[in-house]
Every structure is written in C-alpha cells, then in structure tokens.
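Residue numbers (the working numbering): 2 to 328. For every residue, glycine included, the Cβ atom is placed at its ideal position computed from N, Cα and C. All values derive from a computational prediction rather than experimental measurement. I have placed the structure first, in the form of structure tokens, so that the comments after it can refer back to it.
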C-alpha cells in the first residue's frame, strides 16, 4: 500500500520537476506539492494546477507572497480541497484581509492561516469568532514564550481556535515543561509539538507525554536521531492508537525514499513524507473513520504541511535575498 503511494509521489514529482525546475529553486517545494496530491487521493492534472496558480498570482498584490513560489503550494491546497478551487481564490484573500485587520502580520504564514480557515468549511459561519479566538490563543502563546512564538504559529493557532478548550494555553505549557524534562530540547519545535498534543482532549497529559517519549526512543532504536525538526511528526504519531504505531513500516518507507535518485539528498524531507504517508494511511483505516481522532489527525497533517511549506518558502526567500546581495 505504501509502495503505491511512493510510486504516485515519484510520478507527480517528476512531472512537476520537468515543467517547473526553472520556476521553483527548492525541490522540497515540488516534493511537498506532490505529497499533498498523493495524500488527498485527488488525480493530479498539471495544466489545471498551473492555471490555478496563475489565477492566484493575478489576484495578489504586487508585494504579496502569492506572487512568488508560495502560489504553487496554495494552488495545490485549494485544488485538493475543493471541486471548484478557482471559486475559492477570492475567499482566500478575503480571509487574509480579515486576519490582517485582527493584527496578524502580513506574510506567507497569514495566508496559510487563511487557507486553514477556508478549508474548515463546516465552521465558516463562525469565521469572525474563530479569528478573534485564534488571535487570543496566539497572544497567549506569545506571553508564555515571547522569543519562541512567531508568525509560523499562526496556522496552528487557527486550528486550536476550533477547540472550545478554555485552558488551552495552560495545557500547551504543561506539555512543554513535561516533555522538556523527558529529553526533548526546548525551542520552537517543542512548542509546536506541545500544540499538536493539545489537540487531543481525550487523553491525559501524562499518558501522551509517555507515548511521545516512547516514540522518540523508537526513532533512536531505528537509527534515526530525533532532531527537534522531527518533533511535529513524532507528535502526529503519538496521537495514533498505540497498536497502530509500527516503526519498522516507517523505516522501510524512509529507506525507500532515500534510495530514490530524485530524493536521496533530501533525508529530512523524506522522513517527514514517510511519516505523513503513514499517518495518512492510518486515517483512512476503517477503525478511525468518522471519529474525532480522524478529524484531529487530518487537521494536524494540514498544519504540519503548512508550516513545512512556509519554512521552505522562507528559507528559499532568504537564500535568494542573500544571493542577490552578493551579485
């Protein structure tokens, strides 16, 4: 089952690379787009995808991130979520403007937060309330960790806003402190992990901390050093039912991706992709179908991919700026 996913992933990536290698400098962007289509099970049509990206670019302001490579990942997100994605472009910019009015800063992370609002269609009637709640949560994060919290936390703050859990900030802080005492390094990645675990309101903090620590140990046992950038995917795995976590399956997929000629130099991305495919497969499992956990995991996958995509975009922009300054 995973081999089929990897075959589809490879095929979509190669199609993207052949057509866009001069438009997109960072291969990870194309890898992220390919993975979005694989996990959504939506058939990829390059012409429709590129036309959608061009429409987003045309709608964007002159200095908007949607004029750059971010429009491609945004186009993929809209394409996999909506039957008529072109009809959602204006809504994306409307949500962005509403977030800006609520004092979210300008930039790619606010567009990702807008995408998160847009794709939660079942809550659209409460969008104003959700934006206010998201800002309150973000401000609470900033108060607890002023040097760690940044615009990259916007998408997850929006997701947390859909949870009516009033003590969410205290919950996040409990996870942060407990995990830091169990071998996890303090920093933005640990804060992100704490946010992810806080989305599970049915499991005790102690139990989830124990499960998360066990999964981190499983990474070590498999010969994978659990770097802080892997904390979010460890969090996703921690939310699965314990009996559904099989490290050897993830390792096998990771090795397969590392052996692919197109991906062999992107080991960090390969591990993130392997875990994302694994969790995606478990979400589709009948035992999780139509459960709260399924919805939570889908949301976390979306948030994790959003942050990954934004990180790629920001590092690419920084690299381009550095190159331009030396020319």
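According to the Cβ coordinates, are residue i and residue j closer than 8 angstroms?
i           : j           : result
residue 195 : residue 180 : yes
residue 273 : residue 309 : yes
residue 54  : residue 73  : yes
residue 38  : residue 45  : yes
residue 69  : residue 112 : no
residue 199 : residue 176 : yes
residue 117 : residue 159 : yes
residue 277 : residue 40  : yes
residue 29  : residue 254 : no
residue 313 : residue 27  : yes
residue 189 : residue 161 : no
residue 186 : residue 229 : yes
residue 144 : residue 104 : no
So is residue i buried or exposed if we call it buried at 16+ other beta carbons inside 10 Å?
i           : result
residue 246 : buried
residue 264 : buried
residue 218 : exposed
residue 52  : exposed
residue 193 : buried
residue 121 : buried
residue 6   : buried
residue 33  : buried
residue 17  : buried
residue 204 : exposed
residue 285 : exposed
residue 172 : buried
residue 77  : buried
residue 283 : buried
residue 59  : exposed
residue 212 : buried
residue 36  : buried
residue 8   : exposed
When the Cα atoms are used, what is the spatial distance from residue i to residue j?
i           : j           : result
residue 92  : residue 42  : 24 angstroms
residue 221 : residue 231 : 12 angstroms
residue 57  : residue 75  : 8 angstroms
residue 301 : residue 237 : 7 angstroms
residue 11  : residue 257 : 11 angstroms
residue 80  : residue 50  : 7 angstroms
residue 134 : residue 262 : 45 angstroms
residue 225 : residue 235 : 12 angstroms
residue 206 : residue 239 : 12 angstroms
residue 65  : residue 152 : 16 angstroms
residue 223 : residue 147 : 35 angstroms
residue 1   : residue 216 : Residue 1 lies beyond the stretch modelled for the chain, which goes from 2 to 328, so this question has no answer here.
residue 296 : residue 281 : 11 angstroms
residue 127 : residue 119 : 12 angstroms
residue 63  : residue 107 : 13 angstroms
residue 4   : residue 90  : 34 angstroms
residue 183 : residue 191 : 12 angstroms
residue 96  : residue 115 : 5 angstroms
residue 19  : residue 25  : 11 angstroms
residue 227 : residue 303 : 22 angstroms
residue 109 : residue 268 : 25 angstroms
residue 306 : residue 154 : 13 angstroms
residue 333 : residue 275 : No information on residue 333 is available, as it lies outside the stretch 2 to 328 that the chain covers here.
residue 140 : residue 170 : 10 angstroms
residue 156 : residue 85  : 23 angstroms
residue 279 : residue 138 : 30 angstroms
residue 101 : residue 61  : 15 angstroms
residue 88  : residue 94  : 12 angstroms
Using a C-beta cutoff of 8 angstroms, does residue i count as contacting chain D?
i           : result
residue 147 : In the structure shown, chain D does not exist; there is a single protein chain.
Are there any heavy atoms of the ligand GTP lying less than 7 angstroms away from the beta-carbon of residue i, as far as the coordinates show?
i          : result
residue 56 : In terms of ligand content, the structure shown is empty, and the ligand GTP therefore cannot be addressed.
* **Length-filtered (4 minimum) alpha helix (DSSP H) runs lying within the segment 238-290** => Whole alpha helix (DSSP H) segments, 4+ residues: 248-259, 268-284.
* Asked: Which ranges does the beta strand (DSSP E) cover as unbroken runs of at least 3 residues, wholly within the segment 42-104, from first to last along the chain?
  -> none
* Segments of 4+ residues assigned as alpha helix (DSSP H) that fall wholly inside the segment 173-237 -> 189-199, 206-222
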